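Line order of the protein sequences matches chains P and L. Each residue of the first sequence is one higher than the one before, counting from 1 in the working numbering. Each residue of the second sequence is one higher than the one before, counting from 1 in the working numbering. Step one of this worksheet: look at the structure below.
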Amino acid sequence: MAYAAVLRSPHAHARIKWIDTENAAKAPGVIATLTGEEARELAGPIPFFIDPAVFGGKTTEVRCLAVDKVVMAGQPVAAVVAESVNDAEAALAAITVDYEVLSPVLDADQAMSEDAPRVYDDWDDNVVITIPFVEGDVEAALDAADHVIEDEVSIHRLSTQPIEPRGNMAVWEQDGSLTFYGSIQNPHPLRLHLSQSLGIPERSIRVIAPNVGGGLGLKMHGHPEETLVCVLAKLAGRPVKWHEDRRETLLIGGIEQRHRFKIGFMNDGTIVALQNRIITNIGMLGASPGWGMSFLSALSFPLGYKIAATDVQVQAVTTNKGIWNATRGYGKQGTNVPMERMVDMAARHLGMDRIEIRRQNLIEAHEFPFTTNSGLHIDSGDYHGALDKLVELIDYEELKAEQERLRQEGRYLGIGIAYELTPEAADIPGTIVGGFDSCQVKMGPSGNVTVLTGVTSPGSGNDTGIVQIVADELGVPIDSIGIVQGDTEACPYGFGNYSGRSIVSGGNSAVLAARDVADKVQAGAALLLEAAQDDIELANGLASVKGAPEQAIPIAKVAETIYTLNFAIPGIPEPPLESTRVYKPDNIRHTPDEKGRIQPYPTYSFAVHGAVVEVDVETGRIEITRIGIVHDCGTMINPAFIEGQMAGAVVMGMGNAWTEELKYDEDGIPLSTRFKTYLMPRAGDVPEIELVHQVTPSPFTLLGTKGAGEAGVGGGMSVLTNAVDDALAPLGVTVTELPVSPPNVLAAINRARANGGAA
Amino acid sequence: MIGQRFEYHAPASVEEAVGLLAAANGDANVIAGGTWVVPELTHGIRTPAHIIDLRHAELSGVSASDAGITIGATTTYSALLDSPLVGEWAALLHTMALGVTGGAQVRNQGTIGGSACYATPSSDAPAALVALDASLTLAEAGGTRDVRAETFFEGAFRSALKQGELLTEIVVPEPPSNVQFGYDKLKFCESSWPIATAACVLGLDGDGVVEFARLAVGGANTKPYVVDTSLLVGTPVTRDLADEVAERAREAADDPYTDVLADGAYRQQVSGVVAKRALLDAAT
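So this is what it looks like as structure tokens:
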């Protein structure tokens with residue numbers, strides 16, 4: 001084994017004049033060095049996970065090491081392989097790079113100006129793509145509205161940080177084939193992309209994703225280091241491993257965006273018009289799927305609110321900030337936060353209760369399935385039922401009374417309310433973001449079962465959930481089932497982990513495959529028990545005759561008989577007891593409708609959140625004292641995992657909105673380089689989470705499941721922001737800028753006080 | 001991973017340590033627990049040729065002396081918390097150590113001496129040492145000298161330590177029997193470094209009238225500073241007086257520290273808040 005280290009650009013924007021690796025090559029322990037020019041001879045461009053060109057946007061060539069020019073601080077420019085990590089990292093200091101430093105452009109608005117530096121020399125401007133979603137006559141609707149609020153909401157640059165950073169290892173075999181081990185989310189698609197960048201057949205590559213210590217979107221591929229490690233292993237003539245440092249993980253960000261909007265509403269609280277111009281700052285355009293979150297931030301408007309006229313447009317702008325990758329929530333938090341701010345602003349403007357205004361505008365249970373203005377076809381829901389449960393859960397009326405009492409004492413309690421919609425299990429046409437997935441179920445002669453899936457688990461528990469599903473279908477004990485995920489040689493083709501899809505697509509494909517195997521077991525048992533197949537029940541490891549439980553045979557015995565007495569018993573089903581099935585969720589439509597809209601999401605999980613905070617108005621510090629959630633992801637397979645996912649997501653969302661921020665200096669150099677400068681919440685920062693489940697199955701998925709795991713991020717961000725806004729309402733503060741970090745909150749209080757206090 | 005080569009030394013005595021330090025000719029970092037230096041080595045911010053680790057230099061422990069309490073430079077926060085002497089005579093340090101971010105791992109590893117030596121504004125110990133009017137003993141090959149905490153801290157990451165010197169012990173004078181301590185710390189969330197700290201030592205008579213007061217603020221300026229509390233002497237602490245002290249604390253924050261977590265304007269504004277809260281904490 002040898003170890004790789006990556007030399008990264010110290011500049012946000014610079015031309016590489018030359019690189020000298022001669023001294024590094026002679027440094028102790030060094031096996032090989034590599035520059036961008038050299039790498040270009042050994043590997044092709046890295047394929048995009050989602051190419052903006054597919055949607056009519058601009059694109060660029062992404063290489064594993066920069067050639068000619070760097071466009072973000074931290075971009076890989078050279079690499080070293082050595083006998084140890086220490087040797088490799090030490091040798092980096094011996095590489096000399098001569099840069100011609102260029103002016104960086106860091107702000108998205110500035111990047112859109114005529115005279116802004118171009119991130120990519122051959123582009124006319126820095127706009128990657130402009131995507132409009134227009135429904136109805138917004139100008140007329142705004143004119144007709146009783147009230148119009150014009151404001152902005154901005155969300156800062158943040159990140160998702162799995163506890164295990166990224167790690168890749170490449171092993172070239174004698175026969176020219178490659179085994180790639182990685183802490184990654186999408187082994188099969190990565191195999192295709194590695195074959196394209198390395199120029200070897202897909203069949204020659206095996207990708208293995210062992211147990212992954214958190215994915216969170218950050219481990220969707222397209223990162224330079226995947227191709228890079230393979231090239232380095234080839235050069236070194238032995239396996240090469242690269243495991244990133246937290247500084248490297250923190251180079252990857254997401255979400256930063258500004259919404260400039262007008263929202264029109266009537267005296268009774270009915271929202272009638274929304275115009276919104278969104279600009280996202282995607283930093284360097286990379287091959288990883290992060291930039292695509294811009295699309296979701298616009299597409300998801302207006303969530304489950306019935307707004308007759310909407311005109312939403314997003315422009316994704318490239319800058320010299322760090323690259324985006326997917327962050328759990330995949331841009332939907334970029335809809336949830338501003339939409340929930342707007343609804344609260346309208347409520348405050350009217351003096352209307354914030355639960356009431358949501359009741360007034362949300363889709364009612366009897367209106368599902370419901371087509372939104374952007375063409376999303378929301379499968380099912382009961383938003384009003386969830387609001388009722390939330391009011392009861394947090395004892396909303398009593399909370400409001402307590403807030404009033406504390407205000408008299410000069411204490412600033414805030415009650416946040418937020419609704420959250422999470423479109424899940426995406427299929428994006430023309431990309432390897434697939435909406436279906438696969439499962440193979442194999443029962444051997446002992447009755448033991450092996451399940452192989454196309455989905456992978458980042459530690460979220462979908463492996464256990466899928467085993468539960470198979471156990472239920474086959475009627476065998478859980479401990480007789482093993483599961484294999486993340487190995488392209490062993491598992492059927494699948495897309496891995498993203499978009500809350502693992503149970504929707506992976507779980508339901510397991511149902512189909514397990515039912516095939518169950519059919520054969522039932523047929524065999526029927527023969528052996530001399531009963532009709534339809535009368536055979538599978539449960540507790542036994543095949544038994546309905547209504548006659550004494551007529552039973554162990555499922556293991558049926559399996560053994562099928563495998564060992566197949567010639568002896570005429571009519572017994574043929575082995576193997578195996579089936580591989582794909583599940584394609586309904587409710588995905590890629591034929592554009594008359595307005596050109598497609599429907600890429602089969603299911604729509606949702607939640608309503610209530611949070612209580614107390615703001616220390618002298619310091620801007622927030623104490624989160626209550627978190628109440630009503631969550632609905634349709635049918636649940638394992639509520640404990642869903643609760644764990646929701647707790648993690650909501651706290652992640654709160655951290656995203658509160659103290660997590662990727663900051664840069666004026667030259668574009670990252671300042672948030674460790675967990676002391678990028679502050680993630682810890683257990684002590686949050687109270688015990690009060691979670692209530694509501695179950696509104698999807699009519700479009702086999703088991704009625706929707707996605708779980710992403711919901712909570714956008715809700716956590718929104719509810720915390722809204723709670724801070726509510727706390728500070730008496731001071732005349734309106735929160736329009738995230739994060740609600742203590743300095744930002746205190747600055748908002750100072751501004752409001754300077755402006756004369758209460759609005 | 002530390003991507004640079006250096007020579008590691010773990011001297012068994014102060015004498016050996018100062019000898020190594022002198023020989024290193026300025027190209028050395030001294031570590032006790034390493035909680036500050038090691039992450040900076042990892043990030044390549046520090047690239048010393050030598051690391052001198054004091055773990056075997058027998059500088060850990062708390063003892064009573066005529067001058068007060070003597071705390072060895074490599075005494076960990078956990079050892080401070082476990083020390084009955086600290087609990088009895090310097091409860092302020094106990095409170096300070098309790099609040100150190102990072103939980104048991106950092107409390108078992110981080111040292112009060114290390115915190116002082118690296119003079120990080122975002123650190124718990126400096127303001128407490130200044131409030132207690134502690135004295136720091138610095139050793140070099142030629143001998144030792146004592147420096148008051150108030151003058152030891154010279155700026156952000158700057159102390160009176162000269163090249164070739166290391167901190168051996170901290171002496172906290174024995175406080176009068178009528179002393180009360182107050183402490184306040186502002187941090188953003190559990191994982192946050194302290195943004196501003198204030199430590200107050202208050203002597204009260206039986207009627208709650210202030211006989212003496214010493215109040216120090218850390219984190220707001222580039223170095224900890226003492227707030228003028230003369231207006232408190234001879235009167236009980238009232239909210240109005242506390243507000244007045246807060247104002248003085250703010251005015252004294254004339255060289256505010258800025259880092260990625262909080263800028264100088266913020267730190268200046270909250271300096272008065274923590275000062276007031278520490279004072280009120282001490283008074284009650």
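Cβ coordinates follow ideal geometry from the N, Cα and C atoms, glycine included. Note that the structure is a prediction, hence the values are computed from the model and not measured.
From the listed residues P:Cys633, P:Asp487, P:Leu703 and P:Ser741, the smallest Cα separation to P:Glu710 is found for P:Cys633. Per DSSP, the beta-bridge partners of P:Pro132 are P:Gln313.
If you look at P:Ile466, you'll find it in the alpha helix (DSSP H) that goes Asn462 to Leu474. Listed along chain L, no residue sits closer than 9 Å to P:Asp667 by beta-carbon distance, the nearest being about 14 Å off. Within chain P, the residues Arg621, Thr659, Leu679, Ser741 and Pro742 have their CB atoms less than 7 Å from the CB of L:Phe188, given in chain order. Taking 8 Å as the CB threshold, L:Ile2 lines the interface with chain P. Rounded to the nearest angstrom, the gap between the Cα atoms of P:Thr464 and P:Val504 is 14 Å. Nearest neighbour of P:Thr270 by Cα position, chosen from P:Asn276, P:Ala144, P:Gly214 and P:Ala326, turns out to be P:Ala144.
In terms of Cα proximity to P:His193, the closest of P:Thr705, P:Arg8, P:Pro47 and P:Pro429 is P:Pro47.
With the rule of 3 Cβ pairs closer than 8 Å, the segment 68 to 87 of chain L does not count as touching the segment 180 to 200 of chain L.
Burial check for P:Ala532: the Cβ neighbour count within 10 Å stays below 16, so the residue is exposed. With a threshold of 16 other beta carbon atoms within 10 Å, L:Thr76 meets it and is buried. Spatial neighbours of L:Val38 in its own chain (CB-CB distance under 8 Å, excluding positions within 5 residues in sequence) are listed in chain order as Ile2 and Ile31. In summary, the residues of the segment 216 to 248 of chain P whose CB is separated from some CB of chain L by less than 8 Å are Asp245 and Arg247, in the order they occur in the chain. Here DSSP, grouped into helix, strand and coil, assigns L:Glu211 to strand. For the C-beta of P:Thr673, the chain L residues within less than 8 Å are, from N- to C-terminus, His43.
Taken atom to atom, the span from the alpha-carbon of P:Trp658 to that of L:Ser177 is near 44 Å.
When Cβ-Cβ separations below 8 Å define contact, P:Arg751 makes no contact with chain L. Its Cα nearest to that of P:Ala346, the residue P:Asp726 stands out among P:Asp726, P:Gly756, P:Ala754 and P:Val740. For the pair L:Arg277 and P:Leu376, the Cα-to-Cα distance works out to about 53 Å. The straight-line gap separating the alpha-carbon atoms of L:Ser13 and L:His56 is approximately 7 Å. Chain-ordered, the chain P residues with CB closer than 7 Å to the CB of L:Tyr266 read Pro743 and Leu746. About 16 Å separates the beta carbon of P:Ile95 from that of P:Ala73, a gap too long to meet the 8 Å contact definition. The segment 322 to 333 of chain P and the segment 247 to 256 of chain P touch, with no fewer than 3 CB-CB distances between them shorter than 8 Å. Judged by beta-carbon spacing, P:Ala90 lies within the 8 Å limit of P:Ala27, meaning their Cβ atoms are closer than that value. In its chain, beyond the 5 residues on either side, Ser183, Val212, Gly213 and Gly214 have a beta carbon closer than 8 Å to the beta carbon of P:Glu164. For P:Gly648, not one C-beta of chain L is nearer than 8 Å to its own C-beta. Residues of the segment 38 to 72 of chain L with a C-beta less than 9 Å from any C-beta of chain P: Pro39, Thr42, His43, Gly44 and Thr47, listed in chain order.
The beta carbon of P:Asp535 is closer than 6 Å to those of Val545 and Lys546 in its chain, skipping five residues each way along the sequence. When 7 Å is used as the limit between beta carbons, P:Gly684 is near these residues of chain L: Glu190, in chain order.
Excluding residues up to 5 positions away in sequence, Leu65, Ala78, Ala79, Val231, Leu232 and Leu235 lie with their Cβ nearer than 7 Å to the Cβ of P:Leu34 in the same chain. When DSSP states are grouped into helix, strand and coil, L:Glu251 belongs to the helix group. At a cut-off of 8 Å between beta carbons, P:Leu731 makes no contact with chain L. By the Cβ test, the segment 301 to 311 of chain P is not in contact with the segment 57 to 71 of chain P, since fewer than three Cβ pairs between them sit closer than 8 Å.
Chain order gives the chain L residues near P:Val85 as Met1, where near means a beta carbon separation below 7 Å. Here the alpha carbon of L:Asp281 sits roughly 16 Å from the alpha carbon of L:Val227.
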